[in-house]
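Student: I'd like to ask you about the structure that follows.
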Amino acid sequence: MAKHSASSPIFWIVLNLAVGAMLAVGGVWALQGGGDFAADALKGLASGSNVKILGIAFGIVELLSGIFIILQCFINDGFGKLGYVLKVIICVIWALAIVIADILNGDFGNFLSWVYTFASHLIVLAALLITRS
14 MAKHSASSPI FWIVLNLAVG AMLAVGGVWA LQGGGDFAAD ALKGLASGSN VKILGIAFGI
74 VELLSGIFII LQCFINDGFG KLGYVLKVII CVIWALAIVI ADILNGDFGN FLSWVYTFAS
134 HLIVLAALLI TRS
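Take the sequence shown: its position 70, counting from 1, is numbered 83 in my numbering, and each next residue is one higher.
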């Protein structure tokens, strides 16, 4: 069992700030036409004009979720269920992106590189799942 120490609140604040910043930046990138790993994987499922619409929709969800996570470090659950719903959407899409991009379409030619990328995506998913929402 892990010990709880006085540094635990600092750990949670740092983790929430990091995950919130990652989501907010990923959301801005998606709104600009690019995106992070999850946005790219999600847009890979669509075609034509749906790619742009899906990118914008996911960018908005990701940006708002990131902002809510950051703000919740300083205010106590002021967003009710909206923050929770956005976080669930992000977690589901991130998990689907891992399955699609890393497992189904993974480049296993360089196995160590694949394991490293897969592990980093799982770490982000775990951080998303344990941060406050």
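All C-beta atoms, glycine included, are put in the ideal place defined by N, C-alpha and C.
Enumerated in chain order, which unbroken segments of the alpha helix (DSSP H) with a length of 4 residues or greater are wholly contained in the segment 61-97?
Tutor: Segments of the alpha helix (DSSP H) lying fully in the segment 61-97: 62-84.
Student: Going by DSSP, what residue range makes up the alpha helix (DSSP H) through N118?
Tutor: Element bounds for N118: n/a, residue is neither H nor E.
Student: Three or more C-beta pairs under 8 Å: does that hold for the segment 111-131 against the segment 25-35?
Tutor: No, they do not touch.
Student: Please state if the CB of A108 and the CB of L76 are separated by a distance shorter than 8 Å.
Tutor: No; because the gap between Cβ atoms is not below 8 Å, this pair is not in contact.
Student: Using a Cβ-Cβ cut-off of 7 Å (strictly less than) and excluding sequence neighbours within five positions of H134, which residues of its own chain qualify?
Tutor: Answer for H134: F50, I111 and D115, listed in chain order.
Student: Taking the C-alpha atoms as reference points, what is the distance between I82 and G47?
Tutor: Taking the straight line from one Cα to the other gives about 22 Å.
Student: May I ask which residues mark the beginning and end of the alpha helix (DSSP H) holding A59?
Tutor: Per DSSP, A59 belongs to no alpha helix (DSSP H) and is neither H nor E.
Student: Go through its chain and collect everything with a Cβ distance to M35's Cβ below 8 Å, but skip five positions before and after it.
Tutor: So the qualifying residues of the chain are D49, G79 and V137.
Student: Alpha carbon to alpha carbon, how far is A54 from V128? Give it in angstroms, no decimals.
Tutor: Approximately 18 Å, taken between the alpha carbons.
Student: Between which two residues does the alpha helix (DSSP H) holding N29 run?
Tutor: Note, N29: alpha helix (DSSP H), S21 to L44.
Student: Would you kindly check if the distance between the Cβ of I102 and the Cβ of L141 is under 8 Å?
Tutor: No. Outside cutoff.
Student: Does G122 pass the burial test, meaning 16 or more other C-beta atoms within 10 Å, or should it be called exposed?
Tutor: Per the 10 Å Cβ criterion, exposed.
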